[in-house]
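Chains as they are written, first to last, in our numbering: chain A, 1 to 489; chain B, 490 to 978. See structure below.
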């Protein structure tokens, strides 16, 4: 089978696009910037959702659902919030179509809304308008709510999963009686995201805070996790915001304290989206296709029978049936690819393209010898093993693959993290890619100038970063901590 | 505790609204016709989703996700489809806001879309536009896809869960090589819905087909399940459509058959929505609040400690901890309501309002006697039982409650189903409510006239209805089968 993907070296961006489409993950739709998430891609997203949903519930959160539409006036109430989102809002202005005199379907101008509705780009405003009704006393706090939803941001340049006009996400919105509690919540959710990215996606992430230029519109502090993709560019994988009392102020949400005082409520919000699919794909995959961590793979093991005659398939099927049951009993998802329309070589390439962690091949000779060929997707290594007790070995191998995928990504990041102390070095390294640890004087002006000249942005100010005296690479002004620069998606 | 609900007898519709709000299921939002689904209501919906999702997967379906927005031109391609939905469409016309000269946030007229986008009221059009790209040969069929999504239909008169501008649902969209296969699919999904309604929701439903007047816009045949609410009105709980080749024709979706001929693809679509929450509430609940079937109750057992002193609570907690673990091991969800801010009577009323199937009360005397008070929500019966082995009794009691709830609703429907043969009787019965089995001459004109005069519609033409010669109650023309009339939500 000929290579179906452009190689990463040849054109990374084309490789990504090829892969998303050819592995049946997603495709562009007829609506500009909106994608169709295909069943195989959606099955991965569903696995992500299930794990995250459990993590949210284990940390005390409940799901709820708030309206898709937000009245325009709500939007204007928090000044920096509207400033951040106004330029990318889909606006509903009418609520009816009709036939014109020629029988053509047109918008009915008689059905114009008095107040335009914004399709939510994020839900702080509608939710805080609701929380006002729910919160009177300290006894009503905290409120710990999450919602799974679609949101729309009218992006001009879109890429499948990474930047689409409509995307799927979860957004947590919590309300607290004290600042400390809200900050602790924002930090807890950052840890949840980091844990998910590393343990399930196998993507090592930096944890830190955003500089003011990169902060969420309306936040006091934005925490983030940042991953490094194989092309040396950074990808923001999730954010958790401490919103202070900004939305409580804008929507007049106060509560009576234990001491009988009226105070504004403290807030957080936090989200991850289908963008994580992009991070997953770009962190591990290779020129043969997807490489999926076993914990998120819809199919963990594929079994390909090698046969010429019907009787051979029958004999293989009999042998394999028992194994399939044993694997299923262990909670391992397995597919027996017994199609007679395609040759084994075609099937091998297809399941490699789709990133199935383990492939077993069984032919007549294996039956005679009581063996099976085991191929792992991450290293492409093959070995012949005895059938007996193979289910335990497969279970163990899945764990090893999960660890290896993470380790590989970790080593890649390690090899592509650089400490840089001069402007010349900095500019050169930005071109080459990677996370660049450099000193910065802490001003928005400098950050902006560095961005204008190099396209590199401050991805994060590490939370656990060591304090270290130094001089800003751009201005030479004093700095107390290195921050992480990179070009980013 | 005073009654918090209007009684059903006094004002059924007010009772429903009170219940939805006071049991913390949902509330109206600031956006006309859109509701906020609160955590307790959403937890029930999540349970419904989980069961349905498994049923869909067990019948071979996969989930995917298609865009929220549909280009207006797509909408116009299937004539009866656009006719059915044009009058209730939210239309996106612009993609940006801006500050006007006074600093006010306004729609940016420079950011007007060339073609308006419709917020999906249902997704046949965008999905069949996509399927055209996916289907070339009989080998690409069938396609068996479902999506969980939000949809918008601009209803003028809305009611929480029953009729809202935005609602949550699932929509299955399948593509087949033959008419028979598509019809079989539509019928299979009807059975899945009926099974779900009866086995999990405890709501007995009639299965049948819709008359042409009530058919889905674009369908050849609409199958439906219909429930009877406690006020004698019918509620359509789910529909499954055989779409023929209508959408394949409109979107030019053809395939090459095994015999190498080009043919149009056959289609179905099917859906249930958050409207099911309304059916669940109205089928079982009483003047004390919700009555939930155990299989869908977020909390199946609540334990209320009866105590005055801290030591008493401590002793009760110690005793109860073991029971909680035993119940959890059985997969029973249990809540220990140890709040010291409310009295037992308040807690009893609150959990009754929220429909928790079983309440256990444990006080100091119970500790001394090794007993517990067990109250079941459906019958409001109480009994004192020995603590030892109580977990098995609770498990059994939950099963009994599930059966009893269904039986009660079944008996209610049975007592409110009538065979009627004259127009006078018919008119009188419509006023009293219930399912009315009557002869109809099969014409849309008669159906419309009956609706105009009585507000009763044909809810369904029973699939397993016995053929029986008779005369139309309205025209006296011959009829071969009774159909089911009722006033409906």
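For each residue, glycine too, the CB sits at the ideal point set by N, CA and C.
Would you mind working out which of the options sits nearest residue i, comparing C-alpha positions?
| i | options | result |
| --- | --- | --- |
| residue 150/A | 855/B, 922/B, 574/B and 608/B | 608/B |
| residue 679/B | 701/B, 760/B and 720/B | 760/B |
| residue 919/B | 929/B, 930/B, 928/B and 907/B | 907/B |
| residue 445/A | 435/A, 422/A, 322/A and 474/A | 474/A |
| residue 688/B | 912/B, 978/B, 849/B and 893/B | 893/B |
| residue 206/A | 442/A, 480/A, 420/A and 437/A | 437/A |
| residue 423/A | 341/A, 456/A, 411/A and 173/A | 456/A |
| residue 302/A | 355/A, 330/A and 343/A | 355/A |
| residue 450/A | 467/A, 464/A, 476/A and 465/A | 476/A |
| residue 39/A | 23/A, 52/A, 83/A and 53/A | 23/A |
| residue 878/B | 589/B, 888/B, 861/B and 870/B | 861/B |
| residue 262/A | 136/A, 481/A and 273/A | 136/A |
Enumerate in chain order the residues of its own chain whose CB-to-CB distance from residue i is below 6 Å, with the five nearest sequence positions on each side excluded.
| i | result |
| --- | --- |
| residue 902/B | 693 and 717 |
| residue 483/A | 440, 458 and 461 |
| residue 77/A | 250 |
| residue 496/B | 776 |
| residue 244/A | 220 |
| residue 82/A | 75 and 76 |
| residue 499/B | none |
List the endpoints of the continuous beta strand (DSSP E) containing residue i.
| i | result |
| --- | --- |
| residue 759/B | 755–762 |
| residue 725/B | 723–733 |
| residue 113/A | 112–119 |
| residue 42/A | Note, residue 42/A: premise wrong, no beta strand (DSSP E); alpha helix (DSSP H) at 39–58. |
| residue 93/A | 91–94 |
Sorted by chain position, which residues of the same chain lie with C-beta nearer than 7 Å to residue i's C-beta, five sequence neighbours on each side aside?
| i | result |
| --- | --- |
| residue 352/A | 288, 289 and 377 |
| residue 705/B | 711, 728 and 730 |
| residue 1/A | The predicted position of residue 1/A is uncertain, since its pLDDT is 47 and thus under 50; no value can be drawn from it. |
| residue 621/B | 740, 741 and 742 |
| residue 805/B | 794, 796, 851 and 856 |
| residue 258/A | 138 |
| residue 312/A | 364 |
| residue 134/A | 140 and 143 |
Residues in the same chain with beta-carbon distance under 8 Å from residue i, minus the five sequence neighbours each way, listed in chain order, please.
| i | result |
| --- | --- |
| residue 416/A | 228, 232, 433, 434 and 435 |
| residue 968/B | 928, 929, 930, 931, 958, 959, 960 and 961 |
| residue 155/A | 33, 88, 163, 164 and 165 |
| residue 490/A | Here chain A covers residues 1 to 489 and nothing more, so residue 490/A does not appear. |
| residue 611/B | 574, 640, 660, 758 and 760 |
Give the range of the alpha helix (DSSP H) segment to which residue i is assigned.
| i | result |
| --- | --- |
| residue 305/A | Looking at the DSSP string, residue 305/A is not in any alpha helix (DSSP H); the run it does join, the beta strand (DSSP E), is 301–305. |
| residue 446/A | 444–454 |
| residue 82/A | 79–85 |
| residue 142/A | Neither: residue 142/A is in no alpha helix (DSSP H) and is coded neither H nor E. |
| residue 365/A | 364–369 |
| residue 169/A | Element bounds for residue 169/A: not the alpha helix (DSSP H) but the beta strand (DSSP E), 166–176. |
| residue 918/B | 912–921 |
| residue 835/B | 833–842 |
Touch test, the stretch 548–560 of chain B against the stretch 623–637 of chain B, Cβ-Cβ under 8 Å, three pairs minimum: The stretch 548–560 of chain B is in contact with the stretch 623–637 of chain B.
Chain A contacts from the stretch 577–588 of chain B (Cβ-Cβ distance under 9 Å): If the cut-off is 9 Å between Cβ atoms, the stretch 577–588 of chain B has 577, 578, 579, 580, 581, 582, 583, 584, 585, 586, 587 and 588 near chain A.
Where the stretch 640–665 of chain B meets chain A: residues whose CB sits under 9 Å from a CB there: Per Cβ criterion, the list reads 641, 643, 654, 655 and 657.
Contact list for the stretch 50–66 of chain A against chain B, Cβ threshold 7 Å: Within the stretch 50–66 of chain A, the qualifying residues are 62, 63, 64, 65 and 66.
Contact the stretch 515–529 of chain B vs the stretch 648–655 of chain B: 3+ CB pairs below 8 Å: Segments in contact, yes.
Segment contact flag, the stretch 587–596 of chain B with the stretch 102–112 of chain A, C-beta cutoff 8 Å, min 3 pairs: No: fewer than three Cβ pairs fall under 8 Å.
Residues in the stretch 687–698 of chain B having any Cβ partner in chain A nearer than 9 Å: Correct list: empty, as no residue qualifies.
Touch test, the stretch 800–815 of chain B against the stretch 866–884 of chain B, Cβ-Cβ under 8 Å, three pairs minimum: Per the Cβ contact rule, the stretch 800–815 of chain B is in contact with the stretch 866–884 of chain B (3 or more Cβ pairs under 8 Å).
Residues from the stretch 503–519 of chain B in contact with chain A, defined by Cβ distance under 7 Å: Hits within the stretch, in order: 518 and 519.
Members of the stretch 367–380 of chain A that neighbour chain B once the beta carbon cut-off is set at 9 Å: Within the stretch 367–380 of chain A, no residue has a Cβ that lies closer than 9 Å to any Cβ of chain B.
Interfacial residues, the stretch 826–844 of chain B to chain A, with Cβ spacing under 8 Å: Within the stretch 826–844 of chain B, the residues whose Cβ lies closer than 8 Å to some Cβ of chain A are 830, listed in chain order.
Contact list for the stretch 938–949 of chain B against chain A, Cβ threshold 8 Å: Taking a C-beta cut-off of 8 Å against chain A, none of the residues of the stretch 938–949 of chain B qualify.
Residues from the stretch 554–568 of chain B in contact with chain A, defined by Cβ distance under 9 Å: Flagged, chain order: 554, 555, 556, 557, 558, 559, 560, 561, 562, 563, 564 and 565.
Residues, ordered as in the chain, of the stretch 525–540 of chain B that lie near chain A by beta-carbon distance below 9 Å: Residues of the stretch 525–540 of chain B with a C-beta atom less than 9 Å from some C-beta of chain A are 525, 526, 527, 528, 529, 530, 531, 532, 534 and 535, listed in chain order.
Chain B contacts from the stretch 263–291 of chain A (Cβ-Cβ distance under 7 Å): Residues of the stretch 263–291 of chain A with a C-beta less than 7 Å from any C-beta of chain B: none at all.
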